[in-house]
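J.:
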Amino acid sequence: MPAVLRVALPVPLPTLFDYLPPATGGAVQPGSRVLVPFGRGQAVGVVVATGVEATVGTGKLKRALRRLDDEPLLDAELMQTLAWAADYWLGAPGEAYANALPLALREAKPLPPLGEACWSLSTAGRSALDAGSRRGASHALLAELAAGPLGAAELDACLPGWRAAARRLLAAGLVERGERTASHTVTTRTAPALSGEQQQAVAAVAGDLGRYQPFLLDGVTGSGKTEVYLALIERVLVQGRQALLLVPEIGLAPQTLRRLRERLGVAVEVIHSNLAEGERARAWLRARSGEAKVILGTRSAVFTPLPQAGLVIVDEEHDGAYKQQEGFRYHARDLAVVRARALGVPVLLGSGTPSLESLANVEAGRYRALHLRARPGAVRPPTVQIVDMRAQRLDHGLSPTLLAAVAETVARGEQALVFKNRRGYAPVLLCHACGWHADCPRCERPLTLHAGRRMLVCHHCDHHARLPTTCPACGATELKPLGQGTERLEEALAARFPDIPVLRIDRETTRRRDAFEHLLDGLRDEAKPAILVGTQMLAKGHDLPHLTLVAIAGVDEGLLSLDFRAGERLAQQLVQVAGRAGRAAKPGRVLLQTHHPDHPLLRQLLAQGYATAAQSLLAERRQSLLPPYAHQVLLRAEATQRAAVDAFLAEACAALPPEHGLQVAGPMPAPMPLRAGRQRGQLLLEATNRRDLHAALRPWAAQLARLPAARKVRWSLDVDPIDLY
Ligand code: ADP
Ligand code: ZN
Ligand code: ZN
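Residue 61 is where the sequence shown starts when you use the numbering used here, and the numbers rise one by one after that.
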């Protein structure tokens, strides 16, 4: 019996593939990559097992072409975790491995060298910085390099558009380009004396270094969570170990990166999906070699090899961005916990608004809760006031109370933020003569009016249409925008406050990210009046000490949603946005406009805070047996023909094992039955016991691809879906 290799290939099929070992080149170990013939071409796969018994006659097996790694690229822990992940998320095993490996390492090429180009100050550069002889981007780059050399990935994260400045300064001899090994940098900032609560949190986690234990660090924005992370990472570094810190979005990385660098005195690897592939592969390899000690990254960084792991941290653990919504639908927070267990290290989940999942894990005794209740920098928590919109005369959706508060704030020379979670000018364009409104032909949902671009845009499928001047149904010219988006609020506020800068921050405007970072830096450093208008993007990251008013222009969509997670999301969003007010010495104020001032969730949130509101939400979930007290798997299908969707879901439903004991909802149309011209349907499977759910669905999931109707639809399985759309 020849030794057979079992190989994971990057294809969306629920199987591993058997090959005979390559004819030459020595033994192959699990975790190594091999080049194999596949279909009419070749593919790079990861060897999952060696010396296994073939599932088909060995006469039929093809031979692997060549071994790509002398030593396993993926260590035993990552291999074990990936096998677990593929099984848990009912994904194609090959896709799990493909997610773990940076793209550049999925090619049949030798590994790139570990070194990374890096930039540092020359002596002349340091003098230029001290003398302040450079301005703008050049000055910013000199300042960034003051603490020590930086690699491209770090610069990308903290100073977008730095390359032009680097070229200029290189030519002027003010910076030097070198090759980085694990460089030590100067620590330019010392830690503040930790508060009692912070010390307790640090001591609790530090007491468990060297063994698995999950912690939930519950503290509002500004309560000092990052200081706790820093103190713990310092301890891990002293032991010569590695720390992995996950953040939900790359937009949050620059401030955190700066703080890590200024304090820790070691190079920080940054891993995120916007990184050039070569850089990402090198960062991954430096982590694998143990050279990289601190790794800061977004979702996919959860797959970074950590041969000397000491600690895993997940910041803003409630954030939905940790869930991958396509392909291999893993959740990076949950995977971080699983990895910590496999690595035998503590994992710290931090949030000011913990997810109900994590709170339930605390309740069940699986996670230990740590609390930070005070805000060290701020004088006192912001005051919150509800503005009843029903009796008010609104100006583009803004009440007199809200406008007066903005006026007072800017008159004091402070900054105000007006929050509305909707991009564009108005969510509906309506004909006053006949009632026609502009709908997306591919989704049958209203198109959003974008006035600046003179376009109607579908926020579900990105369909664009020219703005009509007359009603297509009746020819009337009375087309009226209905409702408000950030663009309209920006226009209304700019008209009302002509002397005050009004800055809009949403997905559209932040494409010009450099310019924005610059403007925001200005607002951070100087006490000058300004009005910010933005979507939830604004809720995150930016720490503006002169921002004293947060005015929430509307939350009613969230209150009326049917999604069982809407309440949790709304509560998190409100608390996060409100947390922007009064972060420094000046007291903050929060205004909340609503047509439903008596809504129980709002009332409870305001009167008793997030923790109490979250407990009520949890009690409701328990009562109606919803996650986290039940577990869900969603089978989605879409096709251009509704009949194809129905046929597939019916076959899938019929293929469920007999007496599976699961709750089955559907087959039914998806909450958005038509999207981008495709008919959509779903089948929701639920159980109160996760083991039962997986036991029943494992063989079923493997069968789905072979159903006769499967070829006519696009389908996917989502374990623990967070979005039922
Ligand atoms: P979070 O991560 O919870 O938002 P941070 O760690 O960023 O909180 O702390 C908020 C602000 O308070 C920061 O400016 C930080 O430097 C400061 N800070 C945190 N802890 C302390 C402390 N113990 N003493 C003084 N300042 C602190
Ligand atoms: Zn009309
Ligand atoms: Zn659409």
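We treat Cβ as the ideally placed atom computed from N, Cα and C, and that holds for glycine.
Using CA coordinates, which residue listed in Ala217, Ile782, Asp78 and Leu181 is at the minimum distance from Phe624?
T.: Of the candidates Ala217, Ile782, Asp78 and Leu181, the one whose C-alpha sits nearest the C-alpha of Phe624 is Ile782.
J.: To the nearest angstrom, report how far apart His609 and Ala465 are at their CA atoms.
T.: For clarity, residue 609 is Leu in the given sequence; the question names His instead. Cα to Cα, the separation comes out at about 8 Å.
J.: Do you know how far the Cα of Arg321 is from the Cα of Leu563?
T.: Those two C-alpha atoms are separated by around 30 Å.
J.: Just the Cα atoms here: how many angstroms apart are Ala769 and Leu757?
T.: Roughly 19 Å between the two C-alpha positions.
J.: Please write down, chain order preserved, every residue whose beta carbon lies under 5 Å from a heavy atom of ligand 2.
T.: Cβ atoms closer than 5 Å to ligand 2 belong to Cys491, Ala493, Cys494, Trp496, Cys531, Ala533, Cys534 and Ala536.
J.: For a test of the three-state rule: what should DSSP assign to Tyr148, helix, strand or coil?
T.: The answer is helix: DSSP assigns Tyr148 an H, G or I state.
J.: Using the three-state DSSP reduction, which class does Thr508 fall into: helix, strand or coil?
T.: Here Thr508 sits in strand by DSSP.
J.: Could you check the C-alpha separation between Gln723 and His655 for me, to the nearest Å?
T.: Distance between the alpha carbons of Gln723 and His655: 37 Å.
J.: As an exercise, report each continuous beta strand (DSSP E) stretch of at least 3 residues that is fully enclosed by the region 391 to 433, in chain order.
T.: 406 to 411 and 428 to 432, all fully within the region 391 to 433.
J.: If I'm right that Leu784 touches His691 with Cβ under 8 Å, what's the distance once you round it to whole angstroms?
T.: So it is not a contact: roughly 14 Å between Cβ atoms.
J.: Return the Cβ separation of Gly370 and Gln299 in integer angstroms, given the expectation that the two are a contact with Cβ distance under 8 Å.
T.: About 6 Å; that satisfies the 8 Å criterion.
J.: Would you list the residues sitting across from Trp775 in a DSSP beta bridge?
T.: Looking at the DSSP assignment, Trp775 forms a beta bridge with Ala697.
J.: Does the region 726 to 737 come close enough to the region 513 to 522 to have 3 or more Cβ pairs within less than 8 Å?
T.: Enough Cβ pairs lie closer than 8 Å, so yes.
J.: Please classify Gly119 as buried or exposed, where buried requires at least 16 neighbouring CB atoms within 10 angstroms.
T.: Counting Cβ neighbours within 10 Å, Gly119 comes out exposed, since fewer than 16 surround it.
J.: How big is the Cα-Cα spacing for Gly387 and Trp149?
T.: So the two alpha carbons sit approximately 11 Å from each other.
J.: Let's see if you can read the secondary structure: which residues bound the alpha helix (DSSP H) around Phe388?
T.: Segment: none, Phe388 is in no alpha helix (DSSP H) and carries neither H nor E.
J.: Consider the C-beta atom of Ala261 and the heavy atoms of ligand 1; say whether any pair is separated by less than 7 Å.
T.: No; taking the cut-off as 7 Å, the Cβ of Ala261 has no heavy atom of ligand 1 nearer than that.
J.: Under the DSSP definition of a beta bridge, which residues are partnered with Arg750?
T.: Beta-bridge pairing links Arg750 to no other residue.
J.: Mind pulling the beta strand (DSSP E) runs of 3 or more residues that sit fully within the region 321 to 393?
T.: Runs of the beta strand (DSSP E) inside the region 321 to 393: 328 to 331, 354 to 357 and 369 to 374.
J.: Taking 7 Å as the line, does the beta carbon of Gly284 fall inside it for any heavy atom of ligand 1?
T.: Yes, since a heavy atom of ligand 1 falls inside the 7 Å radius drawn around the Cβ of Gly284.
J.: Going along the chain, which residues of its own chain have a beta-carbon closer than 8 Å to the beta-carbon of Arg740, five neighbours each way excluded?
T.: Hits under 8 Å: Arg696, Ala697, Glu698, Val705, Pro729, Ala730, Met732, Pro733 and Leu734.
J.: Is the beta carbon of Ala667 within less than 7 Å of some heavy atom of ligand 3?
T.: Ala667: no, Cβ never under 7 Å from ligand 3.
J.: Span of the beta strand (DSSP E) holding Arg526?
T.: Segment His524 to Arg526, the beta strand (DSSP E) holding Arg526.
J.: Would you tell me roughly how many angstroms separate the C-alpha atoms of Leu686 and Ala263, rounded to the nearest one?
T.: Taking the straight line from one Cα to the other gives about 35 Å.
J.: Can you tell me the Cβ-Cβ gap for Arg237 and Leu230, rounded? I've got them flagged as a contact below 8 Å.
T.: Right, their Cβ atoms sit about 6 Å apart.
J.: If you draw a straight line from the C-alpha of Leu527 to the C-alpha of Ile565, how long is it?
T.: Straight-line Cα distance between these residues: approximately 23 Å.
J.: Which runs of the beta strand (DSSP E) spanning at least 3 residues fall entirely within the region 96 to 150, listed in chain order?
T.: For the region 96 to 150, whole beta strand (DSSP E) runs of length 3 or above, ordered along the chain, are 101 to 112.
J.: Please look up how many angstroms separate the CB atoms of Leu317 and Ile373, rounded, as I've assumed it's under 8 Å.
T.: The Cβ separation is near 14 Å, so there is no contact.
J.: Output the residue ranges of the alpha helix (DSSP H) runs that lie fully inside the region 665 to 726 and measure 4 residues or longer, sorted by chain position.
T.: 670 to 683 and 702 to 714, all fully within the region 665 to 726.
J.: Since Ala590 is in the beta strand (DSSP E), which residue starts that stretch and which ends it?
T.: Run containing Ala590: Ala590 to Gly594, per the beta strand (DSSP E) assignment.
J.: Helix, strand or coil for Gln544? Go by DSSP, reduced to three states.
T.: The answer is coil: DSSP assigns Gln544 none of H, G, I, E or B.
J.: Looking at the secondary structure, which residues open and close the beta strand (DSSP E) in which Trp179 lies?
T.: Per DSSP, Trp179 belongs to the beta strand (DSSP E) from Glu176 to Leu181.
J.: Quick one, what's near ligand 3 if you take every residue whose CB is closer than 7 Å to any heavy atom, in chain order?
T.: In chain order, the hits are Cys500, Arg502, Cys503, Arg505, Cys518, His520, Cys521, His523, Arg735 and Ala736.
J.: Between Leu454, Glu538, Asp147 and Val470, which lies nearest to Cys494 when the distance is taken from Cα to Cα?
T.: It is Glu538.
J.: Below 8 Å CB to CB, which residues in the same chain sit around Leu73 once its five sequence neighbours on both sides are set aside?
T.: Cβ neighbours of Leu73 beyond the five flanking positions: Ala152, Gly154 and Ala765.
J.: By the DSSP assignment, the beta strand (DSSP E) with Pro274 in it spans what residues?
T.: Pro274 -> beta strand (DSSP E) spans Gln273 to Gly279.
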